[in-house]
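So the structure is just underneath, and the comments pick up after that.
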Amino acid sequence: QMCPYTLLPVLLSSMGAYREDSHVLTTGLELVSDLMMECPKTRVAFAELGGWPWALQVMEENAEHGLIQLFGCKLLSALSKGGSFAEAHTDRAMAVLGRALREHEANECVLYWALWAVQQMNGARA
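Here the sequence shown is numbered in my numbering, starting from 237 and rising by one per residue.
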C-alpha cells in the first residue's frame, strides 16, 4: 500500500496540471473519493496537503459538470466521516453542496451523494 503522503500530492498535482480537462478531473476525483472512503488515513493526509481548498475550488469552477459534481460530492461525504478537519471547511462545503443540489436536481446520483455529504457534515447518521 502506497503512503498517502506520497500518492496524494501526485494525484492532486496531476489533476491541477489538467484543470481544463473534465475527463482527468472526473477520473481523479473518482479515485480520490474512493481512497477517502476506503482508507481513513488518507483523509488526514488530504487535509494536511491542502486538499480541501483544492476540491472545493474544482467543484466551484465546474458547477455545471454532473460527473465532477457527483465525485466531488462523494469526496466531501467521505471526508466528513472524520479525520479530515472538515469543520474548518463546513461553510464553503455546504455552499458548494447547495449549488450542486440546485443545479443537478434531475441527476439522482449527484442528489444522493450531495444529500449524504450534507447529512455527514451535519453529524446526522442514517
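Cβ coordinates follow ideal geometry from the N, Cα and C atoms, glycine included.
Assuming residue i contacts residue j under a Cβ cut-off of 8 Å, what Cβ separation, rounded to an integer in Å, is found between them?
{"i": "L244", "j": "L285", "result": "5 Å"}
{"i": "S320", "j": "V280", "result": "7 Å"}
DSSP three-state call for residue i: helix, strand or coil?
{"i": "M238", "result": "coil"}
{"i": "G252", "result": "helix"}
{"i": "G359", "result": "coil"}
{"i": "S320", "result": "coil"}
{"i": "W286", "result": "For clarity, residue 286 is Gly in the given sequence; the question names Trp instead. Of the three classes helix, strand and coil, the one that applies to G286 here is coil, per DSSP."}
{"i": "D327", "result": "helix"}
{"i": "A299", "result": "coil"}
{"i": "D257", "result": "coil"}
{"i": "C275", "result": "coil"}
{"i": "L244", "result": "helix"}
{"i": "E344", "result": "helix"}
Would you mind reading off the limits of the alpha helix (DSSP H) that contains residue i?
{"i": "C309", "result": "G302 to L315"}
Look at the alpha carbon of residue i and the alpha carbon of residue j, and state the distance between them as a whole number of angstroms.
{"i": "Q205", "j": "L271", "result": "The structure shown has nothing for residue 205, since the chain only spans 237 to 362."}
{"i": "L306", "j": "R338", "result": "13 Å"}
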